[in-house]
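Take the sequence shown: its letters are residues 1070 to 1434, numbered as in the numbering used here. Below is one structure, written out as structure tokens; comments come after it.
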Amino acid sequence: MMKKNSILFSFVLSVMLVSAQTNEFKFLKSFDPKVVGKKLAYHFVDDRHDLYAGRWIHYAEVCTWNGAVEFALKTKDQQLLKLLVNKFEPFFSREAALLPPKNHVDYNMFGSLALKLYRVTKDQRYKDMGLAYADSQWILPENAKPEERAWADKGYSWQTRLWIDDMYMITVVQMEAFKVTGDRKYIDRAAKEMVLYLDELQRPNGLFYHAPDVPYYWARGDGWMSVGMADLLFHLPEGHKDRPRIMEGYLDMMKNLKDYQQVSGMWNQLIDQSDFWPETSGSAMFTYGFIMGVKQGWLDADEYSIATKKAWEALVPYIDERNNVTEVCIGTGKKDDKQYYYERPRNAGDFHGQAPYLWCAVALL
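In structure tokens:
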């Protein structure tokens, strides 16, 4: 009887700590997004660069940096903001060789960070750097391959490749360019690409295979779509012609993610496989999609608030004593092999996990 009463009390407390009418969340101190976010953001400041084969800044570091900047802005932490700007300054001089080339979606998204910091500093160097990355996604190089030319001829980015993570990588830099310039071409580009990817890749159950020829619902892969759609919907004007299609895809995904959420509050490495392990980066990305939906009124608060709060409170205990997110699946290419996904190594402190935790903290504040 005592156990049943304890379960009932926990459920009632959870309901009490979610204000569905105002679409706001309240947490006990150990789950406070301001506390959690501060730990992760300051940890990032002291972290070393994450490089592609020792050469260029990795997109996962850019994602984490973006999250830390947004956290500093949201909490008005001027000290943190200064540290994050200072960390970038060497890219204009002694670390310029670490800047990614402008020839791939994973590299071009670096421009989103430069543009975000332009809004902070108003330093023209950041704007020029960021727009160069954003614009080059739509400037066909002379040595473009036939398939790249074909995409460009249809009005899409020549970097289009129909991988689901593109719908964060392309949209994030185009949205930042829109916020900096006010030029509708940037948000129109992002929306046009998103509609293409939804039409080509979303499955009848609202989720996305890792690739058309790899029929597995890999959590972090789907996570990029969750975050990409939520962010794009937040910035798209209400009357934009592509908004209804993107909202349809987003709502379909959120509905099915809610059904696949584990009792623990997490999602598994392969979303629909109950015998797989809980994976933190994908779970955090799905949680972000939920948070944005509840707070913006796109998702029914009565239906999604408790699931959202349950997810965040499941995620936080995976942060270790060094402020590293644990159980993060390492970078993973596609493979038509279920066991391959089960056996993927898991890192602590991998920026693929640090980033979406920061995004969630910002969205919850």
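The beta-carbon is built from N, C-alpha and C at its ideal position, and this holds for glycine as well.
- Comparing alpha-carbon positions, the option among Glu1307, Arg1289 and Phe1161 lying closest to Tyr1237 turns out to be Arg1289.
- Taking C-beta separations shorter than 8 Å and ignoring five residues to either side along the sequence, the partners of Ala1201 in its chain run Lys1171 and Gly1180, following chain order.
- Nearest to Gln1342 by alpha-carbon distance, out of Phe1160, Cys1398 and Gln1330, is Gln1330.
- Gly1351 and Asp1389 do not touch by the CB rule: their CB atoms are close to 19 Å apart, not below 8 Å.
- For the pair Gln1147 and Ile1315, the Cα-to-Cα distance works out to about 36 Å.
- Sequence-distant partners of Val1114 (beyond 5 residues in either direction) whose C-beta falls short of 6 Å from its own C-beta, in its chain, are Leu1152.
- With contacts defined by Cβ atoms closer than 8 Å, Leu1301 and Thr1240 form a contacting pair.
- Leu1384 is positioned such that its CB atom lies closer than 8 Å to that of Thr1356.
- In this model, Lys1324 and Lys1248 are separated by some 30 Å (Cα to Cα).
- Between the stretch 1125 to 1134 and the stretch 1423 to 1431, the count of C-beta pairs closer than 8 Å reaches three or more; the two stretches touch.
- Each residue's CA atom was taken as its position, placing Ser1226 and Val1296 some 20 Å apart.
- Here Val1363 is buried. Its C-beta has 16 or more other C-beta atoms within 10 Å.
- The shortest CA-to-CA distance from Pro1386 to any of Asp1192, Ser1333 and Asp1222 is the one to Ser1333.
- Secondary structure at Trp1125: strand, using DSSP grouped into helix, strand and coil.
- For secondary structure counted as the beta strand (DSSP E) over 3 or more consecutive residues, the stretch 1381 to 1420 holds no complete run.
- The shortest CA-to-CA distance from Met1322 to any of Phe1345, Cys1429 and Tyr1286 is the one to Tyr1286.
- Sorting Thr1349, Leu1305, Pro1284 and Phe1420 by C-alpha distance to the C-alpha of Lys1407 places Pro1284 at the top.
- Non-local C-beta neighbours of Asp1235 in its own chain, meaning closer than 6 Å and more than five positions away in sequence, comprise Val1174, ordered along the chain.
- Of all alpha-carbon atoms in Ile1208, Lys1378, Arg1253 and Met1354, the one lying nearest the alpha-carbon of Thr1133 is that of Met1354.
- Beta-bridge partners assigned by DSSP to Asn1337: Pro1347.
- Counting every other CB atom within 10 Å of its CB across the protein chains shown gives Arg1218 a total below 16, marking it as exposed.
- Non-local beta-carbon contacts of Asn1393 in its own chain, meaning distances under 7 Å to residues more than five positions away in sequence, involve Ala1417 and Gly1418 in chain order.
- For the pair Leu1305 and Ala1260, the CB atoms are nearer than the 8 Å cut-off.
- Residue pairing of Val1283 in beta bridges, as defined by DSSP: Ala1280.
- Proximity to Gly1358 across Trp1428, Glu1396 and Val1397 peaks at Trp1428, based on C-alpha coordinates.
- As DSSP reads the structure, Gln1271 sits in a beta bridge with Phe1277.
- Under the DSSP assignment, Gln1147 falls in the alpha helix (DSSP H) whose first and last residues are Gln1147 to Phe1157.
- Distance between Arg1163 and Leu1265, taken at the CA atoms: about 40 Å.
- When the beta-carbon positions are compared, Glu1245 and Lys1185 come within less than 8 Å of each other.
- Our two residues, Glu1412 and Glu1348, have alpha carbons roughly 12 Å apart in a direct line.
- As summarised for the stretch 1298 to 1332, the continuous alpha helix (DSSP H) elements at least 4 residues long and confined to that stretch are 1312 to 1329, given in chain order.
- Residue environment: Glu1139 is assigned as buried (16 or more neighbouring CB atoms within 10 Å of its CB, all protein chains considered).
- Taking Leu1150 as the centre and dropping the five residues before and after it, the same chain places the C-beta of Ala1141 closer than 6 Å to its C-beta, in chain order.
- Listed in chain order, the non-local C-beta contacts of Ile1340 below 7 Å within the same chain comprise Leu1276, Tyr1286, Ala1288, Asp1291 and Tyr1329, local neighbours out to five positions each way being set aside.
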